[in-house]
Amino acid sequence: MNKQAMAALLDKIESTETASGNPRVQAVVNRIVRDLFVTIEEMDVQPDEFWSAVGYLTEAGRNGEWGLIAAGLGFEHFLDLRMDEAEARAGAGGGTPRTIEGPLYVAGAPESLGSARLDQDEQPGEVLFMQGQVRGADGTPVPGALVEVWHANHLGGYSFFDPSQSPYNLRRTIRTDAEGRYRFRSKVPVGYSVPPGGSTDKLLKLLGRHGTRPAHIHFFVTAPGHRKLTTQINIDGDPYLWDDFAFATREGLVPPMRRIDDPASLRAREVAAPCYEIDFDFDLLAARDGLPADRILRAHFEA
Ligand code: MBD
Ligand code: FE
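Anchor point for the sequence shown: position 19 equals 237 in our numbering, and the numbering is continuous, going up by one each time.
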């Protein structure tokens, strides 16, 4: 189409905005509309295609899949890379790498001091112990830090979103002890896959992609005076370890998992079959002015 006519229409649309609006929203929306006009023009998007996209976006929202789509299209990891760069520019690099929160956190998990058992439902799977220390930027332990942990079950399902599990199964909040340590007992998780036939699955299929994550465990680590850390660890050896549909696997977040099978160790842990153990410490950055917000505002469910 005629370039001047397109520019004239965009100018006309923008000229209807007034100072009673929000300048930030105006600037961002104007940019997105311009970019989409250009996409439609250059890709010669047909009306059927446009309205099919509108129908798709509507259905995806109705299905509550926008968080999944944001992860699957790489937006959430992109935001992480931008935060990393902003911190590095401000001279605040280092610490345990962050990685995406994902759409399956649920607020309000039961809290305990020092240690917790996450697997409250009777379900199959190998027993996993995980433990470590929370440390500040100077390397000193952080007592009283909150370690929020959540992960999938042996079928890749998360409680709350998977109605077959009881509320808060495999979700806990652990306050670190006087030495800054946390410890939990749970079951080795299995990788999550997007709901078959859902909006995310449909889109990924059209892109010729899979919708599977490698097995992982999510964490929020918070303590006054420190930056909130949002991260995950991966279960080493998962076939999807470096083929995550959400692009969240990072160097430094794949700790070794030890197999424990000698009878004395199993007895000491009150476990009947061979189990696994992971050691992982969290190194937090110091909170200070001039860094991007670390407590990301995002809608959360509460069971
Ligand atoms: C998950 O478990 C997850 O962590 C992400 C990011 C997306 C979908 C499912
Ligand atoms: Fe997850």
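Just so it is clear, CB atoms sit at the ideal spot from N, CA and C, and this is done for glycine as well.
Item, Value
"DSSP three-state assignment for Gln383, whether helix, strand or coil", "coil"
"Supposed close pair Pro474, Asp454 - CB separation, criterion 8 Å", "6 Å"
"Boundaries (first-last residue) of the beta strand (DSSP E) holding Glu340", "Note, Glu340: premise wrong, no beta strand (DSSP E); not H, not E."
"The ligand MBD heavy atom lying under 6 Å from the CB of Ile318", "yes"
"Where Ser238 falls: helix, strand or coil (DSSP)", "coil"
"Reference Ala223, options Ile250, Pro241, Val256 and Ala511, closest by Cα", "Val256"
"C-alpha gap between Thr467 and Leu459, whole angstroms", "7 Å"
"Spatial distance of Glu232 from Ile250 (CA atoms)", "12 Å"
"Selected residue, minimal CA-CA separation from Ala504, among Met301, Met219, Ala310 and Asn240", "Ala310"
"Beta-bridge pairing of Gly350 - partner residues as DSSP gives them", "Tyr400"
"Any non-hydrogen atom of the ligand MBD within 6 Å of Tyr323 CB", "no"
"Start-end ranges of the beta strand (DSSP E) lying completely within the stretch 265-348, minimum 3 residues", "329-331 and 333-335"
"Residue environment, Arg506, which counts as buried when at least 16 other CB atoms sit within 10 Å", "exposed"
"Neighbourhood of Asp337 by C-beta, 6 Å cutoff - its chain only, sequence neighbours within 5 removed", "Ser404 and Lys405"
"heavy atom of the ligand MBD below 6 Å from Tyr410 C-beta", "yes"
"Stretch-stretch touch, CB-based, cutoff 8 Å, three pairs: the stretch 295-309 with the stretch 356-366", "no"
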